[in-house]
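Residues in the sequence shown are numbered consecutively from 967, following this note's numbering. One structure is given below, encoded as structure tokens.
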Amino acid sequence: MEKENQNVNSRVSSSVLGTSANANIRLISAQAQAAKVMENLFASLLKKQRKSESEIQKCKANYQDLQKSANTNKLFKGYVLTAIVPSDFCLLSNEEKAFLKRFFNNIETPQEARQYKGALLLSLNYQHADMWLVIKPKEKLIIFNYNDPADLKSIKELNGKSIVLSVK
967 MEKENQNVNS
977 RVSSSVLGTS
987 ANANIRLISA
997 QAQAAKVMEN
1007 LFASLLKKQR
1017 KSESEIQKCK
1027 ANYQDLQKSA
1037 NTNKLFKGYV
1047 LTAIVPSDFC
1057 LLSNEEKAFL
1067 KRFFNNIETP
1077 QEARQYKGAL
1087 LLSLNYQHAD
1097 MWLVIKPKEK
1107 LIIFNYNDPA
1117 DLKSIKELNG
1127 KSIVLSVK
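What follows is the structure in structure tokens.
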């Protein structure tokens, strides 16, 4: 019954307020879901992956530092950072994290940028690490991927044709 009321409220709000209300509801839902994934990861690290308390703190610190850096960038203000494999934040070295922070501060540039229908794929390389950021403007999400390009296949917006963009 409650789910039905939510659906009705969503339809009513979109008819009264226009499609922007529906878009905002989808945006909030996508961001909440991404944030929940990260919360669940940190909660499960101790139990499922048998990480030590210090390893969990490193994961959280990496994630929080990068989220904070992303939000200082005018282009990514209000975006939520997440990952295809959330434990990727645990794998970052201090140097790799510093590189990503420099990217968000417009000091570093991606090696490649590709525009897809619903997303932008940025390729970042630092020493021996390959990293990707998938930017989804409609959902205001930044999806991080570390050293495993096969994981990118799970993002439906990256299927199909793309245009290589100039990076400066």
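Backbone N, C-alpha and C fix where the C-beta goes; we use that ideal spot for every residue, glycine too.
Every unbroken alpha helix (DSSP H) within the segment 1031–1102, with a cutoff of 4 residues, ordered by chain:
1054–1057 and 1060–1070
Do the segment 1096–1109 and the segment 1031–1051 touch if we need at least three Cβ pairs shorter than 8 Å?
yes
For the putative contact between A1095 and V1133, defined by C-beta atoms under 8 Å, what is the C-beta separation to the nearest angstrom?
One-based indexing of the sequence shown puts residue 1095 at position 129. One-based indexing of the sequence shown puts residue 1133 at position 167. Their Cβ separation, rounded to whole angstroms, is 18 Å, which puts A1095 and V1133 out of contact at 8 Å.
Measuring straight from C-alpha to C-alpha, what distance separates K1104 and L1118?
The residue given as residue 1104 occupies position 138 in the sequence shown. The residue given as residue 1118 occupies position 152 in the sequence shown. The alpha-carbon of K1104 is positioned some 18 Å away from that of L1118.
Name the DSSP bridge partner or partners of I1109?
Stepping through the sequence shown from its first residue, residue 1109 is reached at position 143. Note: I1109 sits in a beta bridge opposite T1048 and V1100.
Classify I1121 as helix, strand or coil using the three-state DSSP reduction.
Within the sequence shown, residue 1121 is the residue found at index 155, counting from 1. Coil at I1121, not helix or strand.
Measure the alpha-carbon distance for M1004 versus P1052 and round it to whole angstroms.
Reading the sequence shown from its first residue, position 38 is the one you call residue 1004. Reading the sequence shown from its first residue, position 86 is the one you call residue 1052. So the alpha carbons of these two residues sit roughly 7 Å apart.
Sequence-distant residues of the same chain with beta carbon closer than 6 Å to C1025, five excluded per side:
By 1-based counting over the sequence shown, the position of residue 1025 is 59. So the qualifying residues of the chain are F1055 and C1056.
Could you tell me if S1120 is buried or exposed, where buried requires 16 or more neighbouring beta carbons within 10 angstroms of its beta carbon?
Working through the sequence shown from its first residue, we reach residue 1120 at position 154. Counting the other CB atoms within 10 Å of its CB gives S1120 a total below 16, which places it among the exposed residues.
Would you kindly work out how many angstroms separate the C-alpha atoms of L1099 and N1006, rounded to a whole number?
Here residue 1099 refers to the residue found at position 133 when the sequence shown is read from its first residue. Here residue 1006 refers to the residue found at position 40 when the sequence shown is read from its first residue. The straight-line gap from Cα to Cα measures roughly 21 Å.
Could you name the residues of the same chain whose beta carbon sits closer than 6 Å to that of K1043, not counting the 5 residues immediately before and after it, in chain order?
In the sequence shown, residue 1043 corresponds to position 77, counting from 1. Around K1043: N1037.
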